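See below for the structure under consideration.
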Amino acid sequence: MFKPLDPLLHSELRLAVMSLLISIEEAEFPYIKEQTGATSGNLSVQIDKLSAAGYIEVKKTFKGKKPCTICRITPDGVKAFEAYVEALKSYLKVK
Numbered sequence: 001m002f003k004p005l006d007p008l009l010h011s012e013l014r015l016a017v018m019s020l021l022i023s024i025e026e027a028e029f030p031y032i033k034e035q036t037g038a039t040s041g042n043l044s045v046q047i048d049k050l051s052a053a054g055y056i057e058v059k060k061t062f063k064g065k066k067p068c069t070i071c072r073i074t075p076d077g078v079k080a081f082e083a084y085v086e087a088l089k090s091y092l093k094v095k
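Per my numbering, residue 1 is the first one in the sequence shown, and the count goes up by one each step.
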C-alpha cells in the first residue's frame, strides 16, 4: 500500500525549500528566492509555514543596515524530509 505523503512537504515550493536546505548548513532568503524562482511574498508565506511546523529555523539579523533572513533545516525537518522521500519511493516502488 502507499505511504501517506506529508501535505506540508507536498507543496512544490515548500519541497523546493526543504530540498535546498537539506544539503547546506543554512541559506539566506535571497539565495532561496533565486534558486526556487519564487516571489518574495509567496516564499515568505511558505517559509513561515515550514517554520511553524518546526521543519526549519528562521533567524532574522542585519547585514549592515539591511535585514537578513537566514533559514536552516531542523532535526525534525530532516526526519520529515527523509520520511517524505521514503513515502515517494513507495509510489514509485523503488526499494
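Glycine is no exception: its CB is placed at the ideal position from the N, C-alpha and C atoms.
Predicted model only: the values in this text are computed from it and were never measured.
Bridge partners - residue i, DSSP secondary structure assignment
{"i": "Glu-28", "result": "Ile-70"}
{"i": "Glu-57", "result": "Arg-72"}
Presumed contact (8 Å Cβ cut-off) between residue i and residue j, rounded CB distance
{"i": "Gln-46", "j": "Arg-14", "result": "5 Å"}
Top-ranked residue by Cα proximity to residue i, from the options
{"i": "Met-18", "options": "Ser-40, Pro-75 and Lys-89", "result": "Pro-75"}
{"i": "Gly-54", "options": "Tyr-31, Arg-72 and Ala-27", "result": "Arg-72"}
{"i": "Glu-26", "options": "Val-58, Ala-16 and Leu-43", "result": "Val-58"}
{"i": "Ser-51", "options": "Lys-66, Leu-21 and Pro-67", "result": "Leu-21"}
{"i": "Glu-12", "options": "Leu-43, Lys-79 and Lys-66", "result": "Leu-43"}
Cβ-Cβ distance between residue i and residue j below 7 Å
{"i": "Phe-29", "j": "Thr-69", "result": "yes"}
{"i": "Ser-90", "j": "Lys-3", "result": "yes"}
{"i": "Gly-37", "j": "Ile-56", "result": "no"}
{"i": "Ala-87", "j": "Leu-8", "result": "no"}
Cβ of residue i within 7 Å of any chain D Cβ
{"i": "Gln-46", "result": "This model lacks chain D altogether, as it is built from one protein chain only."}
Task: 4 or more residues per run - each alpha helix (DSSP H) lying fully within the segment 63–94 - done: 75–92
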